[in-house]
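Visitor: The structure under discussion is supplied below as structure tokens; questions concerning it will follow.
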Amino acid sequence: MAIKKILYPTKFRELAYNSLLELTELRKVGLEEVVLLHLIPREEVAYVPFGGYLKEKALELKESALLKFQEWAKELQRLNLKVKIYVEVGEILYKILEIADKEKVDLLVIGKKKTLYPWEGDLSIKIVERSKIPVLVYRRLVVTEIEGELVQRENVQIFKKPLLATDFSEIAQRAGHFLTNFSSLIEDICIVNVIKSGSFKDLSEEEISALERKRKEELIKEATFFEKQGFLCHTYLRVGEPSYEILELAREKERSLLVIGKSGKGLLEKFVVGSVSKALIKVSEFPLLIVP
1 MAIKKILYPT KFRELAYNSL LELTELRKVG LEEVVLLHLI PREEVAYVPF GGYLKEKALE
61 LKESALLKFQ EWAKELQRLN LKVKIYVEVG EILYKILEIA DKEKVDLLVI GKKKTLYPWE
121 GDLSIKIVER SKIPVLVYRR LVVTEIEGEL VQRENVQIFK KPLLATDFSE IAQRAGHFLT
181 NFSSLIEDIC IVNVIKSGSF KDLSEEEISA LERKRKEELI KEATFFEKQG FLCHTYLRVG
241 EPSYEILELA REKERSLLVI GKSGKGLLEK FVVGSVSKAL IKVSEFPLLI VP
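Residue numbers for the sequence shown follow our numbering, beginning at 1 and rising by one.
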């Protein structure tokens with residue numbers, strides 16, 4: 001599936017425009033249109049006592065957003081990209097998903113605040129949980145905590161050095177296949193599988209060796225898939241807590257993007273993001289591409 005259309009919701013925070021421009025490199029892999037979206041929370045234009053609606057304030061906020069988007073659109077059109085603009089009042093989560101579905105976009109991009117915490121608290125997780133399409137959690141400039149110290153990271157050329165986390169499931173394979181859409185932007189791919197802490201409990205040395213050997217063979221198969229398509233691949237097997245090991249490897253190998261399949265468990269699988277994806281959304285300083 002080519003990346004022809006993306007949805008970019010924004011609150012016009014600092015560097016939001018720079019983040020958008022960074023994404024225009026997707027033109028090299030088929031991007032044709034950008035859908036710009038600004039949502040005004042209903043509570044900002046409603047007064048609770050009588051359930052009234054502040055029409056003049058809503059119009060003022062809409063006009064301000066449209067003016068900003070018109071400036072953005074000029075640059076995008078200069079780059080030969082089509083632009084569609086939405087400025088609406090409503091519940092943020094459902095409006096984003098509604099417009100993503102209405103516009104049939106191929107990729108939904110959401111941001112992260114320049115803080116230690118995820119964009120809009122749990123909203124980013126809720127969007128990922130409910131999205132039927134791949135979601136890129138991305139902000140150009142982020143601040144994170146590494147070994148007790150605050151570190152600022154500028155995310156540029158984000159598709160250049162992806163790290164694909166895999167458990168060899170069908171979901172993980174879909175994430176890997178989606179990654180190939182960015183072929184001309186990718187320099188090399190790291191593929192990692194993490195054996196969870198405790199998996200060796202009650203296993204003999206022979207059983208541990210057999211498990212490690214099997215995982216390494218699966219990693220080679222994954223790498224072969226990419227290598228046949230011309231990608232340079234590196235494989236890694238780690239033992240520990242998955243989200244921690246994925247982040248540590250990404251830092252060691254100077255990765256630019258984390259890629260993971262969206263998994264869930266139980267009867268509510270459709271609306272529950274797996275623990276690894278959720279942990280990475282909360283703490284990763286790297287852009288995160290989550291593929292359903």
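Built from N, CA and C at the ideal position, the CB exists for glycine as well.
Can you check which of these residues, Asn155, Val89 and Val83, is closest to Glu33 by C-alpha distance?
Guide: Measuring from the Cα of Glu33, the nearest candidate turns out to be Val83.
Visitor: If you follow the beta strand (DSSP E) that Thr144 is in, where does it begin and where does it stop?
Guide: Unbroken beta strand (DSSP E) run through Thr144: Leu141 to Ile146.
Visitor: What first and last residue would you give for the alpha helix (DSSP H) that runs through Arg174?
Guide: Start and end: Glu170 to Leu179.
Visitor: Spell out the partners DSSP gives Thr235 in its beta bridges.
Guide: Beta-bridge pairing links Thr235 to Ile191.
Visitor: Where does the unbroken alpha helix (DSSP H) through Gln157 begin, and where does it stop?
Guide: Gln157 -> no alpha helix (DSSP H), and no H or E assigned at all.
Visitor: Could you tell me which of Leu136, Leu61, Glu60 and Pro41 sits nearest to Leu289, measuring between CA atoms?
Guide: Among Leu136, Leu61, Glu60 and Pro41, the Cα nearest to that of Leu289 belongs to Leu136.
Visitor: For Val105 and Ile195, I'd like the C-alpha separation in whole angstroms.
Guide: Roughly 35 Å separates the two Cα atoms.
Visitor: Could you round the C-beta distance between Leu61 and Ile40 to whole angstroms and report it? I think they count as a contact, below 8 Å.
Guide: Their Cβ separation, rounded to whole angstroms, is 5 Å, which keeps Leu61 and Ile40 in contact under 8 Å.
Visitor: Evaluate Leu37 with the Cβ neighbour count: other Cβ atoms within 10 Å of its Cβ, from every protein chain shown; 16 or more gives buried, anything less gives exposed.
Guide: Result: buried.
Visitor: Could you tell me if Gly176 is buried or exposed, where buried requires 16 or more neighbouring beta carbons within 10 angstroms of its beta carbon?
Guide: Label assigned to Gly176: buried.
Visitor: With a threshold of 16 other CB atoms inside 10 Å of the CB of Ser284, please say whether the residue is buried or exposed.
Guide: By the 10 Å Cβ count, Ser284 comes out buried.
Visitor: If I measure Cβ to Cβ from Ile110 and keep anything under 7 Å in the same chain, skipping five residues before and after, which residues do I get?
Guide: Cβ within range, chain order: Pro9, Trp119, Ser124, Ile127, Val135 and Val137.
Visitor: Across which residues does DSSP place Gln152 in a beta bridge pair?
Guide: Partner(s): Val143.
Visitor: Just the Cα atoms here: how many angstroms apart are Leu31 and Lys95?
Guide: So the two alpha carbons sit approximately 23 Å from each other.
Visitor: Would you identify the three-state DSSP class for Tyr138, choosing helix, strand or coil?
Guide: Coil at Tyr138, not helix or strand.
Visitor: Output needed for Glu225: all residues of its chain with C-beta closer than 8 Å, excluding positions within five of it in sequence on either side, in chain order.
Guide: Looking at the sequence shown, residue 225 is not Glu but Phe. Contacts found: Gly176.
Visitor: Measure the beta-carbon distance from Pro292 to Lys132 and round it to whole angstroms, keeping in mind my assumption that it falls under 8 Å.
Guide: That pair is a contact at about 6 Å.
Visitor: Consult DSSP for Pro162 and reduce its assignment to one of helix, strand or coil.
Guide: If DSSP states are grouped into helix, strand and coil, Pro162 belongs with the strands.
Visitor: Have a look at Glu14, Leu15 and Ser19 and flag the residue whose alpha-carbon is nearest the alpha-carbon of Ser7.
Guide: Sequence inspection shows Leu at residue 7; the Ser mentioned does not correspond to that position. Of Glu14, Leu15 and Ser19, the residue nearest in Cα terms is Ser19.
Visitor: If you follow the beta strand (DSSP E) that Pro9 is in, where does it begin and where does it stop?
Guide: First-last of the beta strand (DSSP E) with Pro9: Lys5 to Pro9.
Visitor: Counting only runs of 4+ residues fully inside the region 55–92, write out the alpha helix (DSSP H) ranges in chain order.
Guide: DSSP runs (the alpha helix (DSSP H)) wholly in the region 55–92: 55–78.
Visitor: Have a look at Leu203 and Asn155 and give me their C-alpha separation to the nearest angstrom.
Guide: Their backbone Cα atoms lie some 42 Å apart in a straight line.
Visitor: With distances taken from CA atoms, which of Ile191, Asp188 and Glu212 is nearest Ser199?
Guide: The shortest Cα separation from Ser199 among Ile191, Asp188 and Glu212 belongs to Glu212.
Visitor: How big is the Cα-Cα spacing for Val192 and Lys278?
Guide: For Val192 and Lys278, the distance between alpha carbons rounds to 18 Å.
Visitor: With DSSP as the reference, label Pro287 as helix, strand or coil.
Guide: In this structure, Pro287 counts as coil in the three-state DSSP scheme.
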